[in-house]
Each structure stands twice: as structure tokens, then as C-alpha cells.
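Residue numbers (the numbering used here): 14 to 713.
Using N, Cα and C, we set each Cβ at its ideal position, and we do this for glycine too.
In this text, all values refer to a predicted model and were calculated from it rather than measured experimentally.
Take a look at the structure set out below.
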């Protein structure tokens, strides 16, 4: 559900694009970095397994294979002659056809080898991917060079940093682009489809968690825990995964339709004239549909954000509709927001990469000083031989040591394509140093490499976290422009109470009652009794059954104990404790009239309570045979002995005989009246004094 407005998010005069500058503080959240790192590892592992499987299923074409031999080609051609002539095919013609067939098959295989082969783009683990020069090394080299060359070096370095920010989008669109490329074998297309689907399924979860946390932080609605975000995405995972898969499915459906249509085009005359000639508009229409959804995939990050922001008010279809509408309705604004995000992201990413690289380098440099002065052969540079190669970490940490490496272009023998790899600066020295390793050297280097890899993944995860956080903010901005929605509107789940408090059951038609926190004790002889009435500031309640009434007070009255009863009780009015809510007569759960009883024993009764004031508990009120105090009630206790009713609603308090009862009218004059056997008695002028009256029977 959409929550209320948050006027502190932005002001009407603030340009919307300035909201993008909040990406850094949102993206740097450690929870998002952990989720992004987990997503990177999961995606890379799945891609590696798929690449290994499909690369081994395919073999490099061999020119000497029977498929390309002259005999095989001659058998396929039969008695046909060369087009336009009546001459038969010669040996050189057959050889040329075999060469063309081989080159076409080799080109298709090279596409798979480039993606899934050793060092392939989809097979390389993230800590081995080439992502440009290390920021610390770049800045050091820049400062040591002539200022006249700074512009060119900065421009060259920026070209390698910006793609890192777009890596999440590039890794999704790369399989799509290769699928539509000509010269791709059916096996490679199946491989690309599985890579694409696995990428969507993986990031539907991890990106969903990141965007949900980012959306709650951006709107300042929260806090939201990682567990809550995970459960939020888990319950709506089909919607997250179905968003990007829906346009891809429509594209695939159009492709299959055109394939069937193309089969009809193989028929001579009909295919030339009817299928392709007259039916070309149908082909163009299907092409427009495919192009519409293919271009719309540029806005695929907004599909995950839509579900994270709208929650149950959205689904996969709504996510596709919103994201593509925002793209096509405001394309320049969409690209402008991303341009600002990329420029700003390049700056903050450089800062994060530089800061982390500097921290690792300074730590290594500091611990190396002891070995440099005391035992040079124990230089800890050897512990960094398994450090991540990406971003030049291993090159930075092993510099000026026998384990130093450098970046070099290498050519893959199978495909003759050029890749960037790190090789030892001095190969013979490197091998000699590695040969002197003991087991504990290898174990220590492995542990150091494991820690550095974890830190590296968090650092790379920042680029993914920034990408999804920027997508979240851009969605809010586009929604405000297109749908005029406030920037703080977001779906929030109802949170269950950790400890539910149950309200006591009240009989139908009965008023709720509250416990009276009263204290009763045995009274001393009348001549030794001294009680001081407290100020009654709370409301009063009336028991209409039996003519008994009680004036309540917010303060309990405790009287001194006594051991015997020798005189009638005083008639002075003493306020009672704990104001009742609403006490009715009869069986409504109120205090009933008093009846004379003579019971020397002490009875304990439970007085029903009102949970709104006393926490939903019952107070056990001991009733003593001692004479009542002022007002005819012992120590301010609540006398209730509903003997007139056959079906009392609540247990009653068994009370000793009283000399009289006080009636408090429900409205008007609230001065308590004393009844000493006649209804015309008037109360004393002052409630502070005491006056002994002959004991009388309580009136029913």
C-alpha cells in the first residue's frame, strides 16, 4: 500500500536529476554489497558450468574432414552444372566450395569459442576479468608524468571505468545481441539462451533484494532488514523473473512465427511471389514487434524496481508496461538520467576502487618493513601470488618482487583472438621462487588470497549496487514525471505484532469492568481506628442493584490492621481506588447492592478488569470480617455480593455487614449520601470529620 507523503524528500524547486546524487550513500550499504557479491559469484559459477559444457560439446572444424572433401561435395552436387553454364564442376570448383564451407563453420565456432572458450567473456571468473588499470597505479603514474599528457591518460582510463558501471546491463544484453547476429550455430544459440535465462533468474532475486532495500531507504520508509527484503522478493519471485522473460518470450514467439512463414517461402513461385513479394508487410510487422521489445530491454532494470516499489499492486505485466512506457514516453529524460548517473558513478566508483586498493596496498607495505630491515627473504610479497588479477591488484601487490607480473596481450591459438593476461615480469625468476615454496607458504598464500578475493568481490559489488540503486532512483523520477506520483510513495507490508495481547472476553451486552487495586485488612477497634481520606479526583460509579454505591478514587486507601470488631463502623466517606470505566446495574458486571452477611472467614473474590486501564488482569480482593471503614466499606474495598441475581456475570465480593450504604447519583450532585435506615438522611457537612452512628441494616 502507498504510505503518506514525505515532504522532506524533495522540494518543487529542486531539479529531479539532483536526486541521483543520493545513489552513493544508498549503494554503499554493506547489505547491498554482500547481496551484489553473492549475485556475482552465483552468476559467474553458472556461466562457467554452461560454458564448459557447451565448449566441450563443440569441436573446432577440421579442413581435412570428410565434410569438406571434394568427393563429399561432388556427391552432394550430383549431375548439376555450374549456374549460368552447362559446364560440370571441376576439382578447383569443389575445393573452393569446401573452403567456403569450412570458413563458414569456423566462423560460427569462433563465436562460441570467444564466449565459452578458455579466457572467454562468459567463462572468466570475476577476479580474473580485465577491468582496466588499478586506480592507485593510475594515479601514481599520472602524477609522475608530464601534466601535458594528463588529458589523454584520463580519457583513456575513463573508457575502461565506465563499462564497469554498465557491466550488469552489458552482461544481459550481450547474449541478446549475439543471438540476433548472423553466423551463429544452433548449438551456440542454445547456449546463449540458457545464459540469458539463467542471468535473469539469478538477478531477479539478488537485484530484487537490492532494489527493495534501496527503495525503502530512498523514500525514508523503514528501517527494512535484509531478512524482510529477502522474504519480500521470495513471495513475489515469479513476478520478478517474469518481467524480463515476458518481452523475450514475445520476441521468441515472433521468431518462431517467421520461421514457419519462411518454410512456406521455400516453395518455388509461391515463396517468391506470395510469401515474400505480397506478404512482405507481415514480415515487417513482426520485425517491428520484435524491435519494439528488443529496444525496450534497455529499460529492463526498471522491471525489477517496479515490483520492489509497487509490491502487490504490480505484477510482471505491469512491470513490463511501466518500464517500457517510461522509456518510450520520455526517452531523452531516461537517457539523461542515466548519463548523470554514469558520470557521477564513474567518480564515486573511482573513489571506492582507489580507497580499497590504497588500504590493501598500505597494509601490505607496512608489514613489509620488518622483513625489509631484518630478513629480506621473508618479504610477504609471496603471500599475494593468489590475489585477484582484476583491477591490477596482483600486479600492484607483487611489484618489485620475484613474483612481479605485468599485463600483456596474448593470442588464443584456437581462435587467434587477442586477450589481456598477466604474465611474470621475469619468468625464470618467478619459477625459481615458486619452486622454493613450502607447504605452509602455499597455505598462507591461499588464505591471503581468499581474504583478498572476498574484499575484491565487495569492491566490485559496489558497481552492481550502484547500478541497481541508480535504477531505483531513476524509476521514482520517471514515475513522478509520467504518472505524477510523489517520490515517497511505496508499498509497505503490514508488519505482524511480535507479541499479540488478547483482550478479555466480555459477555454480550455487558459493560467492561476494571480491577480495583484495593488493599483490605482487618480493622482495629473503632476507638483505635484512624483513617485519613484521600482526595477523590477520579470518576465515580454507581451500583443500582441493592441501592449500594461506591465512590472511586485513583488512589488506593490502606488502613491499619485490626484483630477484632467491637463497634459499628464510621459513616465517613472514603474514596476508593482505580476509576471504573462504566458500571451498570443488574448482570452487567457492575458492583451490586450490599446484603448483610455475617461470615467470620475471609473470602477472596476476583473482580473483573478493564484491559484498557489495568492491563487485562484480575485483582483478588480479600474480604475480612472486620468492620468497614468510612462509607461502610472496609478500607475502600469494592463490596459486591449480588445475591439478588441468579446469574451473576462476575464473581462477587463477600462482605461483612455494614451499617449503611451510600448512594452516589449517576449525574448531578456527586456528594455521597448516607443511609442509616431511612432514605431521608443527609450527609455530614464535612467529610474530614468522623461521626459515629448506630449501626443499621443495609437497605436492599
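A residue is called buried once 16 or more other Cβ atoms fall within 10 Å of its Cβ, and residue 370 is buried on that count. In chain order, 355 and 480 place their CB closer than 8 angstroms to the CB of residue 179, counting only its own chain and leaving out the 5 sequence neighbours on each side. Between the alpha carbons of residue 194 and residue 361 lies a distance of about 35 angstroms.
If you draw a straight line from the Cα of residue 97 to the Cα of residue 118, it is about 27 angstroms long. Boundaries cannot be given for residue 160, as no alpha helix (DSSP H) includes it and DSSP labels it neither H nor E. Non-local C-beta neighbours of residue 127 in its own chain, meaning closer than 8 angstroms and more than five positions away in sequence, comprise 133, 134, 428 and 430, ordered along the chain. In this structure residue 348 is exposed. Its beta-carbon is surrounded by fewer than 16 other beta-carbon atoms within 10 angstroms. In the DSSP assignment, residue 433 is bridged to 422.
Beta bridge pairing from DSSP links residue 94 with 101.
In the three-state DSSP reduction, residue 74 falls in the coil class, being neither helix nor strand.
A Cβ-Cβ separation of about 6 angstroms places residue 339 in contact with residue 495 under the 8 angstroms criterion. Look at residue 391 here: in three-state DSSP terms it is helix. Taking a C-beta distance under 9 angstroms as the contact criterion, residue 393 and residue 466 do not qualify as a contact pair. Residue environment analysis places residue 147 among the buried positions, since at least 16 neighbouring C-beta atoms fall within 10 angstroms of its C-beta.
In the structure shown, residue 484 adopts helical secondary structure according to DSSP, grouped into three states. Residue 258 is positioned such that its CB atom lies closer than 9 angstroms to that of residue 329. Comparing C-alpha distances from residue 114 to each of 250, 307, 137 and 74 shows the shortest one belongs to 74. In this structure, DSSP gives residue 450 a state outside helix and strand, which the three-state scheme calls coil. Counting other Cβ atoms within 10 Å of its Cβ, residue 140 reaches 16 or more and is therefore classed as buried.
Annotation: the continuous alpha helix (DSSP H) that includes residue 257 extends over 250-277.
The alpha-carbon of residue 422 is positioned some 46 angstroms away from that of residue 492. DSSP places residue 216 in the uninterrupted alpha helix (DSSP H) bounded by 199-231. Counting only the Cα atoms, residue 177 lies some 31 angstroms from residue 502. Taking 9 angstroms as the cut-off, the Cβ atoms of residue 482 and residue 213 do not count as close. Annotated three-state conformation of residue 403 is helix, per DSSP. When C-beta atoms of the segment 151-158 are compared with those of the segment 77-84, fewer than three pairs fall below 8 angstroms, so the two segments do not count as touching. Nearest neighbour of residue 261 by Cα position, chosen from 236, 197 and 190, turns out to be 190. As the crow flies, the alpha-carbon of residue 279 is around 11 angstroms from that of residue 272.
By the Cβ neighbour-count rule, residue 27 is exposed, with fewer than 16 other Cβ atoms within 10 Å of its own.
Collapsing the DSSP output to three states places residue 294 in a helix. Linking residue 464 to residue 376 through their CA atoms gives a straight-line distance of about 13 angstroms. Excluding residues up to 5 positions away in sequence, 196 lie with their Cβ nearer than 8 angstroms to the Cβ of residue 120 in the same chain.
Around the Cβ of residue 215, a 10 Å sphere holds 16 or more other Cβ atoms; the residue is buried.
When rounded, the separation of the alpha-carbon atoms in residue 438 and residue 91 is 59 angstroms. DSSP, read as helix, strand or coil, puts residue 173 in helix.
Residue 306 is not a Cβ neighbour of residue 201, given a cutoff of 9 angstroms.
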